[in-house]
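Number of protein chains: 2
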Amino acid sequence: MRELDFIEWICSQQEWDPSVVPVGPGDDCAVVVVGGRRLLVTTDQLLDGVHFRLDRDGAEAGGRKAMARALSDIAAMAARPLAAVASISAPKGFSREDAEAMYRGRRVVSEQFGCPMVGGDVAAWDGPLAITVTVFGRPDGIEPVLRSGARPGDAICVTGRLGGAWRTDRHLRFTPRVAEARALAGRCDLHAMIDLSDGLAMDLRRLCKASEVGADVAADRIPVHPDAPDLEAALGDGEDYELLFALGAGQADELVNEQPLDVPVTRIGTIVEGDSPALTGPGGKRKEMPAAGWEHRT
Amino acid sequence: MRELDFIEWICSQQEWDPSVVPVGPGDDCAVVVVGGRRLLVTTDQLLDGVHFRLDRDGAEAGGRKAMARALSDIAAMAARPLAAVASISAPKGFSREDAEAMYRGRRVVSEQFGCPMVGGDVAAWDGPLAITVTVFGRPDGIEPVLRSGARPGDAICVTGRLGGAWRTDRHLRFTPRVAEARALAGRCDLHAMIDLSDGLAMDLRRLCKASEVGADVAADRIPVHPDAPDLEAALGDGEDYELLFALGAGQADELVNEQPLDVPVTRIGTIVEGDSPALTGPGGKRKEMPAAGWEHRT
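First to last, the protein sequences are chains A and B. Numbering that gives the first Met the number 0 applies: residue 0 is where the first sequence begins, and numbers increase by one. Numbering that gives the first Met the number 0 applies: residue 0 is where the second sequence begins, and numbers increase by one.
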């Protein structure tokens with residue numbers, strides 16, 4: 000099963016009333032109207048052997064990453080986290096010490112972001128460890144930034160540096176860009192945003208698809224992380240959990256000049272007419288963005 | 000790891016502000032205040048080999064049950080479902096047809112209860128199928144009914160008949176008692192309620208513990224389901240997804256006389272001073288409620 004196709008199919012099975020569910024499946028968070036207020040919701044799973052390894056990384060790192068991944072989706076909409084619930088499928092032999100370590104890892108992140116864990120479900124089984132974290136957030140004065148608002152002429156920017164996260168332990172200890180997203184959305188009119196979980200190539204493709212636009216990215220502008228061996232890694236490694244966003248070119252120039260965040264902001268390209276991103280190499284040769292990036296396939 | 004002990008430990012790690020989280024972990028749903036309104040949240044997992052068997056029961060039954068189980072927690076608080084998100088950990092070989100069948104099963108229930116699935120996460124892995132469903136609800140005019148409000152002298156009632164659910168396919172096709180709970184809470188002052196997922200013995204023990212009371216249950220009043228071979232099965236099989244609730248004796252008498260629901264309501268006993276439930280057999284002998292019931296242990 001190809002996950003992206005299935006998610007696309009689910010999105011086509013529209014079953015929600017837009018006055019109750021203004022944003023359904025397919026963005027980083029759904030938006031649901033509760034008593035006249037908008038609530039953002041995202042659910043995300045951390046699977047042993049896929050997103051981390053319990054035997055190598057330990058339960059505390061798992062708890063930490065599970066919570067941080069879900070918060071990265073909240074960041075992608077520039078929302079403020081409110082509360083979370085978690086379900087834990089515990090393998091045979093998962094000890095009380097493991098469970099408490101996982102809790103501690105999760106709690107460090109939840110306290111840092113003011114996002115208490117208010118409920119959960121724990122069950123033992125014969126399978127590996129799986130943690131699902133569902134986080135809700137609220138706009139709190141900032142309009143949720145969707146994937147779908149990019150327009151031709153917009154600048155494309157990223158926070159931080161890309162690639163190599165899983166080649167070190169950076170994929171376990173990243174900081175979800177909640178504060179950065181709110182700072183950006185507070186000072187700029189962000190047209191579209193996504194968090195980089197599966198790599199720039201794939202996530203920019205998603206943003207382009209949602210916005211029905213193309214993109215021109217300059218290969219030599221991509222901020223390659225020192226942990227990444229090459230440009231390919233920066234495009235396809237994934238697990239960066241940085242922000243990718245589109246905004247007016249003038250605002251992007253100011254942003255890049257002023258560098259108001261604790262992490263660098265880099266303009267990597269421009270939104271254009273089209274339906275998928277392209278990459279211009281150092282020699283000026285323009286080609287389709289490689290389909291690199293990380294998708295689960297069964 | 001004993002799950003109940005771990006959940007108790009989590010509850011002891013209080014980390015939430017009661018003005019934001021009036022009900023934290025330990026009840027059927029958490030209650031979170033969003034923009035002055037209360038939101039109910041529950042998360043529940045369906046694990047292949049624990050709560051159903053993919054090879055025997057099929058993906059459609061799994062989707063159906065995953066959604067229905069979470070809705071049963073919403074029913075236990077007498078809330079109205081609003082929306083849901085799901086995460087799916089798909090085993091190798093889980094086909095697109097399986098995924099669509101699971102979706103159909105889930106959707107039958109979500110349409111029946113007006114609870115659209117607004118988002119989700121799908122990942123493939125080497126483990127078995129796991130589905131986590133998180134449902135949000137709202138009070139919608141009915142005060143959420145907690146586990147903790149039972150008081151000595153209250154009548155103890157149950158809906159439906161108990162036991163044998165997993166001995167047939169009833170555990171796959173039960174109806175969460177959302178409408179029944181709201182009808183009951185609309186006409187009676189329910190002091191405490193819980194849904195029967197792990198069996199009367201264990202779930203009554205939970206209600207007693209949360210309310211800091213004991214209970215006297217008359218063995219010959221327990222409505223044993225025809226699928227259950229004996230009283231033990233009615234006490235310990237679990238997966239009934241019926242409602243267990245406490246209310247004033249006078250209101251209980253009226254309720255039992257009038258039988259206003261489509262399912263029978265039976266008074267099975269009385270809340271007393273104490274800290275755990277007791278069972279009085281046909282011979283009048285009173286003993287501690289057997290510790291039967293279904294708890295995962297690793």
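All C-beta atoms in this analysis are idealised placements derived from N, C-alpha and C, irrespective of residue type, glycine included.
Would you call the CB atoms of residue i and residue j closer than 8 angstroms?
{"i": "Thr-269/B", "j": "Gly-148/B", "result": "no"}
{"i": "Leu-189/A", "j": "Ile-221/A", "result": "no"}
{"i": "Gly-136/A", "j": "Leu-206/A", "result": "no"}
{"i": "Arg-146/B", "j": "Ala-209/B", "result": "yes"}
{"i": "Leu-46/A", "j": "Trp-124/B", "result": "yes"}
{"i": "Asp-120/A", "j": "Gln-44/B", "result": "yes"}
{"i": "Arg-186/A", "j": "Pro-276/A", "result": "no"}
{"i": "Pro-127/A", "j": "Pro-175/A", "result": "no"}
{"i": "Thr-133/B", "j": "Val-84/B", "result": "yes"}
{"i": "Ala-233/A", "j": "Ile-267/A", "result": "no"}
{"i": "Val-262/B", "j": "Leu-254/B", "result": "no"}
{"i": "Ala-78/B", "j": "Pro-21/B", "result": "no"}
{"i": "Asp-226/B", "j": "Arg-169/B", "result": "yes"}
{"i": "Arg-160/A", "j": "His-224/A", "result": "yes"}
{"i": "Gly-162/B", "j": "Tyr-102/B", "result": "no"}
{"i": "Glu-59/B", "j": "Gly-104/B", "result": "yes"}
{"i": "Gly-57/A", "j": "Ala-100/A", "result": "yes"}
{"i": "Asp-219/B", "j": "Pro-281/B", "result": "yes"}
{"i": "Ala-164/B", "j": "Glu-238/B", "result": "yes"}
{"i": "Arg-36/B", "j": "Arg-36/A", "result": "yes"}
Residues of chain B with CB under 7 angstroms from residue i, in chain order?
{"i": "Trp-165/A", "result": "None at all; the shortest Cβ gap to chain B is about 15 angstroms."}
{"i": "Asp-120/A", "result": "Thr-42, Asp-43, Gln-44"}
{"i": "Gly-282/A", "result": "None at all; the shortest Cβ gap to chain B is about 38 angstroms."}
{"i": "Ala-65/A", "result": "Result: empty, since nearest Cβ-Cβ is about 11 angstroms, beyond 7 angstroms."}
{"i": "Ala-290/A", "result": "Those within 7 angstroms of Ala-290/A in chain B number zero; the least Cβ separation is about 18 angstroms."}
Check the Cβ of residue i against every Cβ in chain A and list those closer than 8 angstroms, keeping chain order.
{"i": "Val-31/B", "result": "Leu-81, Ala-82, Val-117, Phe-135"}
{"i": "Leu-38/B", "result": "Val-33, Leu-38, Phe-135"}
{"i": "Val-20/B", "result": "Ala-82, Pro-115, Val-117"}
{"i": "Ala-191/B", "result": "Simply none; closest approach about 18 angstroms."}
Contact check, residue i vs residue j under 8 angstroms by CB: the rounded distance?
{"i": "Val-107/B", "j": "Leu-243/B", "result": "No, Val-107/B and Leu-243/B are not in contact; Cβ-Cβ is about 26 angstroms, not under 8 angstroms."}
{"i": "Gly-34/B", "j": "Gly-34/A", "result": "7 angstroms"}
{"i": "Ala-75/B", "j": "Ala-214/B", "result": "Between Ala-214/B and Ala-75/B the Cβ distance is about 17 angstroms, and since that is not below 8 angstroms, they are no contact."}
{"i": "Ala-245/B", "j": "Ala-182/B", "result": "That pair is no contact at about 17 angstroms."}
{"i": "Leu-39/B", "j": "Pro-143/B", "result": "6 angstroms"}
{"i": "Met-27/B", "j": "Asp-194/B", "result": "Here the sequence assigns Asp to residue 27/B, which means Met is not the residue at that position. Right, their Cβ atoms sit about 6 angstroms apart."}
{"i": "Ser-18/A", "j": "Val-30/A", "result": "12 angstroms between Cβ atoms; not a contact."}
{"i": "Leu-300/A", "j": "Phe-112/A", "result": "The structure shown does not extend to residue 300/A, since chain A spans only 0 to 297, so no value can be given for it."}
{"i": "Ala-184/A", "j": "Ile-141/A", "result": "5 angstroms"}
{"i": "Ala-122/A", "j": "Ser-88/A", "result": "6 angstroms"}
{"i": "Val-271/B", "j": "Val-177/B", "result": "Actually they do not touch by this definition, with Cβ atoms about 30 angstroms apart."}
Could you tell me whether any non-hydrogen atom of the ligand ADP is closer than 7 angstroms to the CB of residue i?
{"i": "Glu-287/A", "result": "No copy of the ligand ADP appears in this structure; indeed no ligand is present at all."}
Residue i touches chain A at which residues, Cβ-Cβ below 7 angstroms?
{"i": "Ser-88/B", "result": "Gln-44, Leu-46, Ala-129"}
{"i": "Trp-73/B", "result": "The residue you asked about is not Trp; residue 73/B is Ile in the sequence shown. Per Cβ cutoff of 7 angstroms: no residues; Ile-73/B is ~12 angstroms from chain A at best."}
{"i": "Ile-370/B", "result": "Any property of residue 370/B remains undetermined from this structure, which presents chain B solely from 0 to 297."}
{"i": "Asp-202/B", "result": "Within chain A, no residue comes near Asp-202/B; the closest Cβ sits about 15 angstroms away, beyond 7 angstroms."}
Which residues in chain A have a C-beta closer than 9 angstroms to the C-beta of residue i? List them in chain order.
{"i": "Arg-106/B", "result": "Gln-12, Glu-14"}
{"i": "Gly-23/B", "result": "Pro-115, Met-116, Val-117, Gly-118"}
{"i": "Ala-77/B", "result": "Those within 9 angstroms of Ala-77/B in chain A number zero; the least Cβ separation is about 17 angstroms."}
{"i": "Asp-153/B", "result": "By Cβ distance, chain A contributes nothing, its closest Cβ being about 26 angstroms from Asp-153/B, past 9 angstroms."}
Mind pulling the chain B residues with CB within less than 8 angstroms of residue i?
{"i": "Asp-194/A", "result": "Under the 8 angstroms cutoff, chain B gives no residues; its nearest Cβ is about 13 angstroms from Asp-194/A."}
{"i": "Ala-85/A", "result": "Thr-42"}
By the criterion of Cβ-Cβ separation under 9 angstroms, what are the contact partners of residue i in chain B?
{"i": "Gly-198/A", "result": "Within 9 angstroms Cβ-Cβ: nothing; Gly-198/A doesn't reach chain B, min ~16 angstroms."}
{"i": "Ala-209/A", "result": "Correct list: empty, because the minimum Cβ distance to chain B is about 14 angstroms."}
Just list the alpha helix (DSSP H) runs in the segment 21–99 of chain B, keeping only unbroken ones of 4 residues or longer that don't cross its boundaries, in chain order. Along the segment 21–99 of chain B, the alpha helix (DSSP H) occurs as fully enclosed runs of 4 or more residues at 53–56, 58–75, listed in sequence order.
Of all the beta strand (DSSP E) runs that stay within the bounds of the segment 217–268 of chain A, which reach a length of 3 or more residues? DSSP runs (the beta strand (DSSP E)) wholly in the segment 217–268 of chain A: 242–246.
Against chain A: residues of the segment 242–275 of chain B by CB proximity under 8 angstroms: Answer set for the segment 242–275 of chain B: empty.
Could you tell me which uninterrupted beta strand (DSSP E) segments, each at least 3 residues in length, are contained entirely in the segment 98–132 of chain B, listed from first to last along the chain? Counting whole runs of 3 or more residues, the segment 98–132 of chain B contains the beta strand (DSSP E) stretches 116–124.
Which residue spans inside the segment 176–202 of chain A form an unbroken alpha helix (DSSP H) run of at least 4? List check, alpha helix (DSSP H) in window: 177–186.
Contact list for the segment 214–243 of chain A against chain B, Cβ threshold 8 angstroms: For the segment 214–243 of chain A, which is checked against every Cβ of chain B, not one residue is closer than 8 angstroms.
What residues in the segment 46–62 of chain A have a beta carbon less than 7 angstroms from any beta carbon of chain B? Listed in sequence order: Leu-46, Gly-48, Val-49.
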